[in-house]
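Contents: one structure, followed by commentary.
2 protein chains.
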Amino acid sequence: MAFVADLRGPALSKEDLHHLLRVLRQRAGDQLTVADGEGRWRTARLDPAEAGALREFGPVCELPPATPPLAVGFALVKGDKPELIVQKLTELGIDRIVPFRAERSVVRWDVAKAAKAVARLRLVARAAAQQCHRPRLPEVADVAEVAALVAAGATLAERGGVPLSLQVPFVLVGPEGGWSVSEGAVAGDRVGLGPHVLRAETAAWTAAVLLTSLRDGTVTPVHNP
Amino acid sequence: MAFVADLRGPALSKEDLHHLLRVLRQRAGDQLTVADGEGRWRTARLDPAEAGALREFGPVCELPPATPPLAVGFALVKGDKPELIVQKLTELGIDRIVPFRAERSVVRWDVAKAAKAVARLRLVARAAAQQCHRPRLPEVADVAEVAALVAAGATLAERGGVPLSLQVPFVLVGPEGGWSVSEGAVAGDRVGLGPHVLRAETAAWTAAVLLTSLRDGTVTPVHNP
């Protein structure tokens, strides 16, 4: 699958064409799916006559958004962990991914660095969605503050919290050092992700697995609503 | 937390002492937990007089094994993915981790290379258990064959399979290319991990999150047994 700017007259970017030919070993004439990132997709064939051109388009199909929409926020962490978090949350089907600053975050990014990092995370989400054939891209939000996210309905994850359910569709996973006193003060109930000590990225993936599995009906909540 | 060879007269290895002092910044006189990897642990203090020596031991405590024991097998994959899989499965509380050869595995290891890789994976499990304060180490099994694992009660994971439950406590996650015809022929029912296409490592983590969450009571199975 490849994302295109315009599904009515789709053309592949140079990077996506390269990926299809070199990594996925597709050849001229092969069928592929092109999608607009908003849930619409159609089949097409690689045109042997012109690199990156497409022909023989199928009808435009649409995958309706899954409900409820699910969001996971994660405290900024060092190294390649934000990319791994975004890649896996995209694969698992989370709709909105929100990096945030926590008081105990090790990372201190200025505005320019945060903008650059988020742009990079959006590319990671796009590549992961292509790889996993998800025609709908998750939104990767700008870096936010905990208090604003709680005000917007987010719930903090913490050991000992109540079990997850779809009544809590927006979960924030804190930094390895935990939530600060002032962050805890703004929040209401906490949700728990199980009894174990988890690293930040493992906690984000766990929240995503449980939320999407509850939505998909693979498991049911402890207290049925 | 640090693992020791003998809980009755524990002493730290050079590597663990280095980690405690340099990475975790503990100092002589600080309290820590030492564990035997089989569920028993006690508190102790770093002896200021002798590097690696311990004193002021607390009583030996024991964490009983969680029931049922849970096992996840994964097809050998390239690069650092086996290490990431073992690290996360250990954190999540899986009791037995089984790397296996699948017909569509990209990786073809000879006996010597497989033994070396498994020894390395055991060190990864040990480090992850220390980091997450798990006094019981998971077993990292030798590289196995699919048919033998199915004969021992393992169930293959595949899209469209029945929802996971604790009646299926040993799940095998296949290679990215899927199961071969002959591998499918030896198996009975399949379990599903949800509707999405998942990379091999994401599928292994998803199985681990769902199995441990079912055991911990964080979620309940779709069909209550």
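Chains as they are written, first to last, in the numbering used here: chain A, 3 to 227; chain B, 3 to 227. Ideal Cβ placement from N, Cα and C applies to all residues, glycine included.
Pairwise C-alpha distance: residue j and residue i
| i | j | result |
| --- | --- | --- |
| PRO189(A) | ALA154(A) | Here residue 189(A) turns out to be Ala, not Pro, going by the sequence shown. If you take the alpha carbons of ALA189(A) and ALA154(A), they lie about 11 Å apart. |
| GLU9(B) | PRO137(B) | Looking at the sequence itself, residue 9(B) is Leu, so the reference to Glu does not match. About 12 Å. |
| LEU26(A) | ALA131(A) | 15 Å |
| LEU168(A) | ASP82(B) | 34 Å |
| PRO140(A) | PRO71(A) | 10 Å |
| TRP181(A) | GLU147(B) | 45 Å |
| ASN226(A) | VAL183(A) | Low confidence applies here, because ASN226(A) scores a pLDDT of 49, under 50, leaving its location unreliable; read the following figure in that light. Their Cα atoms are separated by approximately 32 Å. |
| VAL221(B) | LEU125(A) | 33 Å |
| ILE96(A) | ARG42(A) | 18 Å |
| GLU40(A) | ARG128(A) | 12 Å |
| THR35(B) | GLU17(B) | 16 Å |
| LEU209(A) | ALA104(B) | The displayed chain sequence assigns Ala, not Leu, to residue 209(A). Rounded to whole angstroms, ALA209(A) to ALA104(B) spans 30 Å at the Cα level. |
| GLY60(A) | GLN89(B) | 44 Å |
| GLY162(B) | GLN133(A) | 19 Å |
C-beta contact flag for residue i and residue j at 8 Å
| i | j | result |
| --- | --- | --- |
| GLY179(B) | ARG106(B) | yes |
| VAL74(B) | LEU86(B) | no |
| PRO223(B) | LEU213(B) | no |
| ALA206(A) | VAL164(A) | no |
| ALA37(B) | PRO50(B) | no |
| ALA116(B) | ALA202(B) | no |
| ALA55(A) | ALA7(A) | no |
| LEU166(A) | ARG192(A) | no |
| VAL211(B) | LEU123(B) | no |
| HIS135(A) | VAL79(B) | no |
| GLU58(A) | ALA46(A) | yes |
| ALA4(A) | LEU22(A) | yes |
| VAL145(A) | PRO101(A) | yes |
| ILE99(A) | VAL142(A) | yes |
| LEU48(A) | ASP32(A) | yes |
Amino acids of chain B, ordered along the chain, whose beta-carbon sits closer than 7 Å to that of residue i
| i | result |
| --- | --- |
| VAL173(A) | Near VAL173(A) there are no residues of chain B at all, since even the closest Cβ is about 13 Å away, more than 7 Å. |
Whole-angstrom C-beta distance between residue j and residue i, which should lie under 8 Å
| i | j | result |
| --- | --- | --- |
| PRO84(A) | ALA119(A) | 7 Å |
| ASP112(B) | GLY196(A) | Between GLY196(A) and ASP112(B) the Cβ distance is about 39 Å, and since that is not below 8 Å, they are no contact. |
| PHE172(A) | ALA156(A) | 4 Å |
Interface partners of residue i on chain A, CB under 8 Å
| i | result |
| --- | --- |
| HIS135(B) | VAL199 |
Contacts that residue i makes with chain B (C-beta to C-beta distance below 8 Å)
| i | result |
| --- | --- |
| PRO165(A) | GLY219, THR220 and VAL221 |
Positions along the segment 205 to 224 of chain B whose CB lies within less than 8 Å of some CB in chain A: TRP207, THR208, VAL211, LEU212, THR214, SER215, LEU216, ASP218, GLY219, THR220, VAL221, THR222, PRO223 and VAL224
If the cut-off is 9 Å on Cβ atoms, which residues from the segment 88 to 100 of chain A count as contacting chain B, listed in chain order? GLN89, LYS90, GLU93, LEU94 and GLY95
Which of the residues in the segment 184 to 205 of chain B, read from start to end, lie with their CB under 9 Å from any CB of chain A? Taking 9 Å as the Cβ-Cβ cut-off against chain A, the residues of the segment 184 to 205 of chain B that qualify are GLY194, LEU195, GLY196, PRO197, HIS198, VAL199, LEU200, ARG201, GLU203 and THR204.
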